Amino acid sequence: MAPVRFMTWNVHGTFNLNPKFDLEGVCSILRKWTPDVVALQEVDSRSRSDDPFAKLASVIGDHRVHAKSIVTEDGDYGQMLLSRFPFSSVPEIVDVSYQEREPRRAIATDLLTPAGDVRVVATHLGLSIHERYAQARALVSLVKPARTVVLGDFNDWFWVKSVRRVLAQVCPSRTRLRTFPSRLPLMRLDRIYATSDSSIAKVWTDTEARAYSDHLPVIADIEISAEGT
């Protein structure tokens, strides 16, 4: 059975940090790699005449869900999960915010793939060690025992209370690419995790994407065991 192609990318659409955000350039990278499932972080429609949420939703498949952590009269900010496969469960938007820090969300759903149902959890975690640790523990509760993929920007770079150690308990397979900063990547902030019944057959990034974001994307072909095996 053909592997499922997953992709995660922080597109750095934050209006006050990246006023030259190139939406069409981001779309071109998505079209280039044609992922089956893609998680996008820092999608921002504030102070824009167009709607990045709508534009990005038109690129990959017919199935999508938004998790908008900041909603204003001038536009919204958050993340998206796009899929070529239909949802087999109603997507959940889970609040994983920590104390008074920036609002954070996780998207959890099941997708009906050729291999059967696959659990997918997409997120964008916080900037402090204690915040990420608490959020990682919340993610564990969203993971099913088998056939689960967790992906996103985990902001995880320090070994103390690391997200990867928490998630390794339930998703031992993971990518290890350096993705930030995109011009000279040193940190492995963006990752894809999978349960032990799945195998990451191939993983890569695309340096062309550095023209559009301060993060590089992570793209992985994952072999998922057939349901019931």
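The C-terminal position of the sequence shown is numbered 342 in the numbering used here, with every residue numbered one higher than the one before it.
Quick reminder that beta carbons are idealized off the backbone N, C-alpha and C, glycines included.
No experiment lies behind these values; they were computed from the predicted model shown.
Give me the Cα-Cα distance between residue i and residue j, rounded to the nearest whole angstrom.
i    : j    : result
A307 : Q282 : 11 Å
A219 : V124 : 17 Å
A152 : I305 : 10 Å
V273 : Y325 : 31 Å
P227 : A167 : 27 Å
G265 : M193 : 10 Å
Y211 : N268 : 14 Å
Considering only C-alpha positions, which residue in the set the options is nearest to residue i?
i    : options                   : result
V184 : S241, I173, R159 and L224 : R159
R177 : V207, C140, Y190 and T222 : T222
L329 : P298, I313 and E244       : P298
Could you check what DSSP says for residue i in three-state terms: helix, strand or coil?
i    : result
R291 : coil
G315 : According to the sequence displayed, residue 315 carries Lys and not Gly. Of the three classes helix, strand and coil, the one that applies to K315 here is strand, per DSSP.
E205 : strand
K181 : strand
V331 : strand
T320 : helix
V117 : strand
I need the boundaries of the beta strand (DSSP E) containing residue i, first residue and last residue.
i    : result
Q154 : V150 to D157
V253 : Premise fails: V253 lies in the alpha helix (DSSP H), I242 to V253, not in any beta strand (DSSP E).
R232 : G229 to H237
V263 : T261 to D266
R218 : R218 to T226
F166 : Run containing F166: none in the beta strand (DSSP E); it sits in the alpha helix (DSSP H), P165 to A170.
Return the first residue and the last residue of the alpha helix (DSSP H) that residue i is part of.
i    : result
W146 : L136 to W146
L302 : Run containing L302: none; DSSP gives neither H nor E here.
Taking 9 Å as the CB-CB limit, is residue i close to chain D?
i    : result
R159 : Checking the listed chains, one finds no chain D in this structure; it contains a single protein chain.
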